[in-house]
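Engineer: FYI, the numbering for the sequence shown is 0 to 312, going by numbering that gives the first Met the number 0.
Positions of the beta carbon are idealized from the N, C-alpha and C atoms, including for glycine.
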Amino acid sequence: MRIAVLDDYQQVAESVADWSRLDAEVEFFHEHIPEKTELTRRLSGFEVVVAMRERTPFPRTVLEGFPDLKLLVTTGSGNASIDTRAAAELGIIVSGTDSLPHPTAELTLALILGLARGIVTEVNSVRDGGWQVGLGRDLLGSTLGVIGLGRLGTRVSRLGLAFGMEVVAWSQNLKAEAASEAGVVAVSRDELLSRSDFVTIHLKLSERTMGLIGEPEMARMKSSAYLINTSRGPIVDETALLAAVRGGVIAGAALDVYAEEPLPDDHPFRSEPRILTTPHVGYVTRESYQVFYGGVVEAVEAWRAGNPIRVLK
0 MRIAVLDDYQ QVAESVADWS RLDAEVEFFH EHIPEKTELT RRLSGFEVVV AMRERTPFPR
60 TVLEGFPDLK LLVTTGSGNA SIDTRAAAEL GIIVSGTDSL PHPTAELTLA LILGLARGIV
120 TEVNSVRDGG WQVGLGRDLL GSTLGVIGLG RLGTRVSRLG LAFGMEVVAW SQNLKAEAAS
180 EAGVVAVSRD ELLSRSDFVT IHLKLSERTM GLIGEPEMAR MKSSAYLINT SRGPIVDETA
240 LLAAVRGGVI AGAALDVYAE EPLPDDHPFR SEPRILTTPH VGYVTRESYQ VFYGGVVEAV
300 EAWRAGNPIR VLK
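#1: With a threshold of 16 other CB atoms inside 10 Å of the CB of residue 130, please say whether the residue is buried or exposed.
#2: Residues in its own chain within less than 8 Å of residue 67 by CB, not counting five upstream and five downstream?
#3: Determine the extent of the beta strand (DSSP E) in which residue 251 is found, giving its start and end residues.
#4: Does the beta-carbon of residue 58 have 16 or more other beta-carbons within 10 angstroms, so that it is buried, or is it exposed?
#5: Should residue 53 be labelled buried (16 or more other beta-carbon atoms within 10 Å of its own) or exposed?
#6: Beta-carbon within less than 7 Å of residue 80's beta-carbon, same chain only, minus the 5 sequence neighbours each way: which residues are those?
#7: Check each candidate in 231, 207 and 247 and name the one with the smallest Cα separation from residue 224.
#8: Candidates 93, 273, 272 and 200: which alpha carbon is nearest residue 302's?
#9: Out of 243, 234, 291 and 187, which has the shortest C-alpha to C-alpha gap to residue 214?
#10: Can you check whether the CB of residue 142 is closer than 8 Å to the CB of residue 195?
#11: Rounded to whole angstroms, what is the Cα-Cα separation between residue 104 and residue 111?
#12: Helix, strand or coil for residue 13, going by three-state DSSP, please let me know.
#13: Can you grab the Cα-Cα spacing for the pair residue 278 / residue 251, in whole Å?
#14: Report the three-state DSSP secondary structure of residue 21 (helix, strand or coil).
#15: Grab the span of the beta strand (DSSP E) containing residue 158 for me, first residue to last.
#16: Can you name, in chain order, every residue of its own chain whose Cβ lies under 6 Å from the Cβ of residue 294, other than the five neighbours on each side?
#17: Count Cβ pairs between the segment 145-152 and the segment 197-206 that sit closer than 8 Å; are there 3 or more?
#18: Taking only the alpha-carbon atoms, compute the straight-line gap between residue 83 and residue 126 and give it to the nearest angstrom.
#19: Leaving out five residues before and five after residue 219 in sequence, what residues of the same chain have Cβ atoms less than 8 Å from its Cβ?
#20: Does the beta-carbon of residue 231 have 16 or more other beta-carbons within 10 angstroms, so that it is buried, or is it exposed?
#21: With burial defined as no fewer than 16 other Cβ atoms inside 10 Å of the residue's Cβ, what is the status of residue 88: buried or exposed?
#22: For the beta strand (DSSP E) containing residue 94, name the first residue and the last one.
#23: If residue 254 and residue 234 are in contact, beta carbons under 8 Å, what's the gap, nearest whole angstrom?
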């Protein structure tokens, strides 16, 4: 049996799981393969393909190019870039893995602190031979607006509360009682945007969340406020965000996710000083990868035994 492990950017997948349990030929692909024809050629003959989150999309047109593919395992419990209906029609089983919620929550707080204290600017000043160049702001007493109070948004809320922030939350189906149980206040979307010093997004990407935060929403925010997105890039209108930051509509932003990944070399987000950018590393920790790839090995073992687990439909 041949197994392809895709998008192993950090070249660590082999070391964080016991692949020897599978008694199979496992090939690790360290570079991203964006072109469909090349992807089809490189993966020819593989019965099992492992996808690291949404780094490589698998729409119907791609899946149809893999006649030998029997099992597609994605890290995490869901993957919006896999056409599971097409996979089922083609006889391909799609399995997922467990995941850890806290790494992305911790990165979100790190980005908030990075914005509040201008950490990148100050570090660069020291490296360039300078000293203090900016004036930070406190988290204590500021307002954190959490869009999406699910498993991840709740964790971020607790971290904000631990820093003495006032936390308000909104999502389309959020009830006041659920917010109260999390120690936060449920408000309308408009109130959250106009009241918050930091607005952080924790929603799944869907038709109703695509472009949810655009020019009208940013116009409602304080000119001193920051937007943080560690969820999915298309939830935010990137063109509107760039204009809002450059035009002083908001103070800045921190992004870990983008509409196109990896981010193109010439993308303006790479050079805009008021946008703090990280390369989609919310889930990228050793502990998270151990859960991901350990779960992949379990999924392959279960499939070979005729009892697929965590099947996505």
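Structural biologist: This is what the structure gives:
#1: exposed
#2: 43, 44, 45 and 46
#3: 251-254 is the extent of the beta strand (DSSP E) around residue 251.
#4: exposed
#5: buried
#6: 53, 56 and 57
#7: It is 247 whose Cα lies nearest to the Cα of residue 224.
#8: 93
#9: Out of 243, 234, 291 and 187, 243 has the C-alpha closest to the C-alpha of residue 214.
#10: yes
#11: 11 Å
#12: Residue 13: helix per DSSP, three-state reduction.
#13: 17 Å
#14: Here residue 21 sits in helix by DSSP.
#15: Segment 150-161 is the alpha helix (DSSP H) holding residue 158; no beta strand (DSSP E) there.
#16: 96 and 97
#17: yes
#18: 48 Å
#19: 189, 192 and 193
#20: Classification of residue 231: buried, given that the 10 Å Cβ count is 16 or more.
#21: exposed
#22: 92-94
#23: The pair is not a contact, with the Cβ atoms about 11 Å apart (cut-off 8 Å).
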